[in-house]
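A.B. asks:
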Amino acid sequence: MKSPQSEMEPFGAVVGHGGVSQDPSGELLAEHLGGLSFETVFSEYRAPMVRLAHVITGSNEAAEDVVQEAFMRLHRRWADVENPPGFLRTVVTNLCRTQVKRSRSERRHTQRTAESIGEPELDETWDRVCRLPFRQRAVLALRYYADLPEAEIARILKCRIGTVKSAHHRALATLRQDLA
Amino acid sequence: MNDNERVEERLRRTFAQVGASTTITSRSIPPIGLDEPINQHSRLPTRRAKTVVASLVSLAVVVGAVAWITHSTPRRLNVIEGPGPSTTTRTASNLSCPLSGTAPNGETYGTIPPGGPVAKAPDFIAVLANPATRRIGGYINRTDMSHQSHPTVYGCDLTTIIGHLYPGKGVVPVGVNPETVPTVVPEEVNINALGLTVESNVAHVDFVFAEPGSPLATSLHRAGLGLGDTITRFDGSPVSSGTQLNTAAARLQPGHQVQISWTDKAGHEYTATIQT
């Protein structure tokens, strides 16, 4: 099945210079970005990162803040970072973790339902996804939205591949049950 | 399509929809809170420098590991004929100290004359042997020889000596006439120059020297006996210590034929008849 994402703005893809190719590891991208400026990276990758953060946190507003913070960190370490998209992905995901936990502590997620995305079936799915623990949500988002391999997801989440697999398995099991 | 595939398909559609519905507000560049100007040109050189540093560190690690392994692992040495290394990093004038004295075991050792092949060796440890007993008395660090008027003489055992055998450092026995003994390095050890050094198969480590270049040393070398091998039988008698071997070797007369058995590090047994 073709991913809907591939028809949209690619996440983690080499953009510009007349071509789009998937590059989950970011290696080609790092090479491609070798001579680019921070501004270029900012303009090319801010939107995909906000979308990713939105998918993980469930909040458009929080996603903007998370990504802004991530770019500030990237800027501070600009000279040292070899793979800016990979760096951003990792920072964004981990900032989302903080964001999600903060939301949980404020019990926001229990007092309001997830934002409506217009289609009942997808609204229901989205609502269930937003109730999952952070790691499971992040694994699902990185896998089904960012199309990243398990190894890369494990690196981003700083856990073992086995942990990613089990989180993935548990998340699917929960959703299968909830959406049955 | 099974349940899992249905859920996965819904997840893809849901995430795609959420991503597409994301509102991207306009934000300033550079991001808020930056107080330093961005140096666009610092990126590439820094990355190159980092790569260079990483390469150097990797190289250092590899060299260190090789040196450590070489330094710490006793090994059988290749034997070749010929003089020692041709590289000379010090001259005779650097060796101003008197290289004679008394070893820790109370025996007197000889002098290394400046300017000779021993003195010119790039970096070596002098293994001191009393000419009369052919026993090792100690060793001196090359740096000590160059910089100290009274170099420290260390006691030695075979482990210590082998532990110091690595490329760039050689071993030279100081016997009757050091000038006739080429300096050796591990990859180019001339067993005839070293004499024969044998580790016993008991805790006590001892040595037996055959006269450098003597028929005994040559025979042992030709028989295949190498440094680190353990002599188990010598001249018909079992050998259980280096001292016993020393005693047996000292009794040998030139021209005598003797049967010798030994095992190498792999545990293979060998027997040969040699001419002393």
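Protein chains in written order, with the working numbering: chain A, 1 to 180; chain B, 1001 to 1276.
Even for Gly, the Cβ is constructed at its ideal location relative to N, Cα and C.
Measuring straight from C-alpha to C-alpha, what distance separates Val100/A and Glu69/A?
C.D. replies: The residue given as residue 100/A occupies position 100 in the first sequence. The residue given as residue 69/A occupies position 69 in the first sequence. If you take the alpha carbons of Val100/A and Glu69/A, they lie about 15 angstroms apart.
A.B. asks: Taking the Cβ atom as the reference point for each residue, do Glu44/A and Ala53/A lie within a distance shorter than 9 angstroms?
C.D. replies: Taking the first residue of the first sequence as position 1, residue 44/A is located at position 44. Taking the first residue of the first sequence as position 1, residue 53/A is located at position 53. Not closer than 9 angstroms, so no.
A.B. asks: Counting beta carbon pairs with one atom in the stretch 1013 to 1027 of chain B and one in the stretch 53 to 62 of chain A, are three or more of them shorter than 8 angstroms?
C.D. replies: yes
A.B. asks: Quick check: what's the CA-CA separation for His168/A versus Thr125/A?
C.D. replies: On the first sequence, position 168 is the one that residue 168/A refers to. On the first sequence, position 125 is the one that residue 125/A refers to. Their Cα atoms are separated by approximately 15 angstroms.
A.B. asks: Hey, how far is the Cα of Thr1271/B from the Cα of His1256/B?
C.D. replies: One-based indexing of the second sequence puts residue 1271/B at position 271. One-based indexing of the second sequence puts residue 1256/B at position 256. When rounded, the distance between both Cα atoms is 17 angstroms.
A.B. asks: What would DSSP say about Ala1272/B, mapped onto helix, strand or coil?
C.D. replies: What you label residue 1272/B is simply residue 272 of the second sequence in a count that begins at 1. Ala1272/B: strand per DSSP, three-state reduction.
A.B. asks: Assess contact between the stretch 125 to 139 of chain A and the stretch 162 to 179 of chain A, defined as three or more Cβ pairs (one per stretch) separated by less than 8 angstroms. Is contact present?
C.D. replies: Touching, yes, given that three or more Cβ pairs across the two stretches are closer than 8 angstroms.
A.B. asks: Quick one: using the 10 Å Cβ neighbour count with 16 as the cut-off for buried, is Leu1056/B buried or exposed?
C.D. replies: Here residue 1056/B refers to the residue found at position 56 when the second sequence is read from its first residue. Counting Cβ neighbours within 10 Å, Leu1056/B comes out exposed, since fewer than 16 surround it.
A.B. asks: Answer yes or no: does any C-beta atom of chain A fall closer than 9 angstroms to that of Val1057/B?
C.D. replies: Looking up residue 1057/B in the second sequence gives position 57. No, because no Cβ of chain A sits closer than 9 angstroms to the Cβ of Val1057/B.
A.B. asks: Which two residues bound the contiguous beta strand (DSSP E) that contains Ser1261/B?
C.D. replies: The residue given as residue 1261/B occupies position 261 in the second sequence. Gln1257 to Thr1263 is the span of the beta strand (DSSP E), which, as asked, contains Ser1261/B.
A.B. asks: What does Phe1234/B pair with, by DSSP beta-bridge criteria?
C.D. replies: Reading the second sequence from its first residue, position 234 is the one you call residue 1234/B. Note: Phe1234/B sits in a beta bridge opposite Ser1237/B and Ile1260/B.
A.B. asks: Answer with yes or no whether the minimum CB distance from Leu172/A to chain B is below 9 angstroms.
C.D. replies: Locating residue 172/A in the first sequence gives position 172, counting from the first residue. Judged by the 9 angstroms Cβ criterion, Leu172/A is in contact with chain B.
A.B. asks: I'd like to know if Ala1060/B contacts chain A, where contact means its C-beta is closer than 9 angstroms to some C-beta of that chain.
C.D. replies: Residue numbering aside, residue 1060/B sits at position 60 when the second sequence is read from its first letter. Answer no: the Cβ-Cβ gap between Ala1060/B and chain A never drops below 9 angstroms.
A.B. asks: Quick check on the burial criterion: 16 or more other C-beta atoms within 10 angstroms. Buried or exposed for Ala154/A?
C.D. replies: In the first sequence, the residue the question calls residue 154/A occupies position 154. By the neighbour-count rule (16 or more Cβ atoms within 10 Å), Ala154/A is buried.
A.B. asks: Give the range of the alpha helix (DSSP H) segment to which Lys165/A is assigned.
C.D. replies: Taking the first sequence and counting its residues from 1, one reaches residue 165/A at position 165. Segment Ile161 to Asp178, the alpha helix (DSSP H) holding Lys165/A.
A.B. asks: Taking the alpha-carbon positions, what's the Pro84/A to His1268/B distance?
C.D. replies: As a working note, residue 84/A is residue 84 in the first sequence. As a working note, residue 1268/B is residue 268 in the second sequence. Distance between the alpha carbons of Pro84/A and His1268/B: 58 angstroms.
A.B. asks: Of all the options Pro120/A, Arg104/A and Arg73/A, which has the alpha carbon lying nearest to the alpha carbon of Val91/A?
C.D. replies: Taking the first residue of the first sequence as position 1, residue 91/A is located at position 91. Of the listed residues, the one whose Cα sits closest to Val91/A is Arg73/A.
A.B. asks: Confirm, please, whether the CB-CB distance from Leu142/A to Ile156/A is below 9 angstroms.
C.D. replies: Within the first sequence, residue 156/A is the residue found at index 156, counting from 1. Within the first sequence, residue 142/A is the residue found at index 142, counting from 1. Contact: yes.
A.B. asks: Below 7 angstroms on C-beta distance, what does Val1018/B contact in chain A?
C.D. replies: To locate residue 1018/B, count along the second sequence from 1; it is residue 18. Per Cβ cutoff of 7 angstroms: His54, Val55, Ile117 and Trp126.
A.B. asks: Taking only three categories from DSSP, how would you classify Ser59/A?
C.D. replies: Looking up residue 59/A in the first sequence gives position 59. Here Ser59/A sits in coil by DSSP.
A.B. asks: Alpha carbon to alpha carbon, how far is Glu39/A from Asp147/A?
C.D. replies: The residue given as residue 39/A occupies position 39 in the first sequence. The residue given as residue 147/A occupies position 147 in the first sequence. Distance between the alpha carbons of Glu39/A and Asp147/A: 25 angstroms.
A.B. asks: With 8 angstroms as the C-beta to C-beta threshold (strictly closer), list the residues of the stretch 125 to 148 of chain A near chain B in chain order.
C.D. replies: Thr125, Trp126, Val129, Leu140, Ala141, Tyr144 and Tyr145
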